[in-house]
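Chains as they are written, first to last, in this note's numbering: chain X, 1 to 359; chain R, 1001 to 1359. Only one structure is covered here, and it is reproduced in the block below.
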DNA sequence: TTGTAAGCGTTATCAA
DNA sequence: TTGATAACGCTTACAA
């Protein structure tokens, strides 16, 4: 381990603004150093670094050796300033779901790594009046090469307009409005909810409760649509009493289940539009002495892989969040401003807990 | 010759009809534009932007007006290239826990926002031979002003040495080794585990099982220490059979609980070193027909706020992950290389589910 | 295929 | 308190 004595405290510039005065950098190898060591011109080094054509094997070798020897890494700041690209893309989100964000970041991050790009995370607040300015400032300051947005930011018209004005490549994940206005990646939410509802119907359920999602998310409405669609196809009449609003979170799942299970004619299955709400449904059922899955089947959207941790296991629609992130970054890096759409498959995961209705 | 920027500024100033702008290539306002509009020198604009001293009110006003009018945002790339700082710090982690990472990012991000800094997320793999190079490359390329590390990266000696070599300010969250080598933020894990164990003892439990955490994390050992410490103080002999290894995740919690509850003399309470494992303990107990909390009390560390979603509620030690992140960024921005340590309080949250042992 | 020179938009230095 | 000018490390256009 390195001793404390080896560490130097460096000068502090008293002129710096408060709050960040303590941070100062040191020098590193530059392209000039590399060119000198390799005995070639700066431009040749640049060519090798950027994998341009028309570089002889001889030169490339020399440069690569020098790069390795100096442990040289080009300055992103300089490349950004001089070139047309910043090698950075932004991920803008307003989503309180750690699992969603984590997996989205993992997917986007993976693709960025492959392309030697950097990902800038920008959490934001769609209710804030400064939203558009914040996004604009981010793009300006960092000179972003592109933007990825996740719901519900995807559907904020003013933000979208600002991005169009700046002519910056945009990829939206699961957009709800202006579907063809930008590149997009998505799963078919309607079909997914239809699949799950049809699955429950196939087990014999006729009274299927639905807990809808947060009103800010178009996915909520899409899932309701799929639910209705499957019911209709099965010849089951739509009963508005069986649809209860939720907000994607645990508490609202409890509340919704309580209400649904207290109906004169309670449902034999409840389909929650998120897994946190599904966990809430389980909790409510337990508190009411209703056993799952004997007396009640519970299904949900597996937004967050929570089903792994919740007892009893749920039957869920799995969304490939990480893959969505990867695909979004891929669209951005491969196609830029060209509008491209990519649909990813969802997955119906049937666990042992779903059962036919009793009685 | 009129520059593109000047033309663009001119167009804006002369209030061109909408539509004409589409033909003009979008260019951002520069510091030069601001200085021209404000009628001052570039350096004066720079002074205002950096809140340096020796700027008259008069000048400041003029500059601020021009900045607002042009919606000017300084180029980070240019600032980084010309100045000593990049206004960027890195957050390096190798942690598969979405909640932890999400909250850590939220805390660090909040403090960064306040200081107008940007946070670069760098996931990594502590088992990878390229770890040190990856971190080095990140610092070089982005010219980071500082680094925040979370466990278990905090305790990788080679990575630490590399950071020292580069003389870059480092703050570690909950480090396990070389505690005084860098700035650090942490909670007292030993005391936290002691608190929980003492709590269970105070309820009358004498046989308390412990599920330890992943071996990569020093916190695992610290929590074991606190457990032993509290037992010893209470005059309860340490029984190695009651300590079962886990890995912080759900599955290992199930396995550990199964083993512990199958003992000839099973524990009346199980203390899991993470909440995911505590959820696993609950699941195992249920599968074995052991009722919680009547026959078994379950406690855990609330690493991930999962207790909110798990029924029945657990008694937990709450760690302020978000606050740890905020504090880490604060240390970095305020003190830089000066070594500073900050301990945050943990919280014992007693929920209704913990009970005295039966029989 | 390689090299030269002119920026990119800021901050640092030094002079006024 | 202000301003002119030289860096900063790279890419781009153009020349050889």
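Quick reminder that beta carbons are idealized off the backbone N, C-alpha and C, glycines included. Quick caveat: nothing in here was measured; it's all calculated off a predicted structure.
Taking the C-beta atoms as reference points, residue 1091/R is found no nearer than 9 Å to residue 1029/R. The segment 263 to 272 of chain X makes contact with the segment 285 to 302 of chain X, as at least three CB pairs between them are under 8 Å.
Under the three-state reduction of DSSP, residue 1088/R is assigned to strand. For residue 1065/R, no chain X residue has a C-beta closer than 8 Å to its own C-beta; the minimum C-beta separation is roughly 17 Å. When C-alpha distances from residue 1219/R are compared across 1151/R, 1027/R, 1292/R, 1351/R, the shortest belongs to 1151/R. Counting only the Cα atoms, residue 105/X lies some 14 Å from residue 88/X. In the three-state reduction of the DSSP assignment, residue 203/X falls in the coil class, being assigned neither a helical nor a strand state. Its chain contains 34 as the residues whose beta carbon lies nearer than 7 Å to that of residue 67/X, once the 5 sequence neighbours on both sides are disregarded; these appear in chain order. With contacts defined by Cβ atoms closer than 9 Å, residue 1222/R and residue 1193/R form a contacting pair.
When the beta-carbon positions are compared, residue 1153/R and residue 1171/R stay at least 9 Å from each other.
Looking only at 309/X, 334/X, 265/X, 326/X, the smallest Cα-Cα distance to residue 206/X is reached by 265/X.
Fully enclosed beta strand (DSSP E) runs of no fewer than 3 residues occupy 146 to 149, 170 to 173, 183 to 186, 208 to 211 of the segment 135 to 218 of chain X, in order along the chain. In this chain, the alpha helix (DSSP H) harbouring residue 283/X covers 275 to 287. Across the structure, residue 1292/R and residue 1075/R are spaced so that their CA atoms are roughly 58 Å apart.
Per the coordinates, the alpha-carbon of residue 109/X lies some 11 Å from the alpha-carbon of residue 1120/R. Following the DSSP letters along the chain, one finds residue 46/X in no beta strand (DSSP E) but inside the alpha helix (DSSP H) bounded by residues 42 to 49. Comparing alpha-carbon positions, the option among 1173/R, 1181/R, 1286/R, 1217/R lying closest to residue 1327/R turns out to be 1173/R.
For the segment 97 to 126 of chain X, the residues whose beta carbon sits under 8 Å from a beta carbon of chain R are, in order, 98, 99, 101, 102, 103, 105, 106, 109, 118, 119, 120, 121, 123. The beta carbons of residue 107/X and residue 323/X sit closer together than 9 Å. Put simply, the backbone Cα of residue 1051/R is about 12 Å away from that of residue 1063/R.
Residue state for residue 222/X is assigned as helix, using DSSP reduced to three classes. Residue-level contact check: residue 1218/R does not touch chain X, since none of the beta carbons of chain X fall below 9 Å from its beta carbon.
Within 7 Å of the CB of residue 28/X, the CB atoms of chain R belong to 1140, in sequence order along the chain.
Across the set 46/X, 210/X, 93/X, the C-alpha of 210/X shows the shortest separation from the C-alpha of residue 246/X. The three-state secondary structure of residue 1348/R, taken from DSSP, is strand. Here residue 345/X is exposed. Its C-beta has fewer than 16 other C-beta atoms within 10 Å. Here residue 1054/R is exposed, its C-beta having fewer than 16 other C-beta atoms within 10 Å.
For a Cβ distance threshold of 8 Å, residue set 75, 77, 78, 81 of chain X lies close to residue 1081/R, ordered along the chain. At a cut-off of 9 Å between beta carbons, residue 71/X contacts chain R. When DSSP states are grouped into helix, strand and coil, residue 1252/R belongs to the helix group. Considering only beta carbons, the part of the segment 1133 to 1162 of chain R lying closer than 9 Å to chain X consists of 1133, 1136, 1137, 1138, 1139, 1140, 1141, 1142, 1143, 1144, 1145, 1146, 1157, 1160, 1161, in chain order. In the DSSP annotation of this structure, the continuous segment of the beta strand (DSSP E) that includes residue 1123/R starts and ends at 1118 to 1123.
Just measuring C-alpha positions, the residue of 81/X, 93/X, 99/X sitting nearest residue 131/X is 93/X. Under a criterion of Cβ atoms nearer than 8 Å, the residues of chain R adjacent to residue 86/X are, in order, 1077. In this model, residue 61/X and residue 1133/R are separated by some 21 Å (Cα to Cα). Under the Cβ criterion of 9 Å, residue 1280/R is counted among the residues facing chain X.
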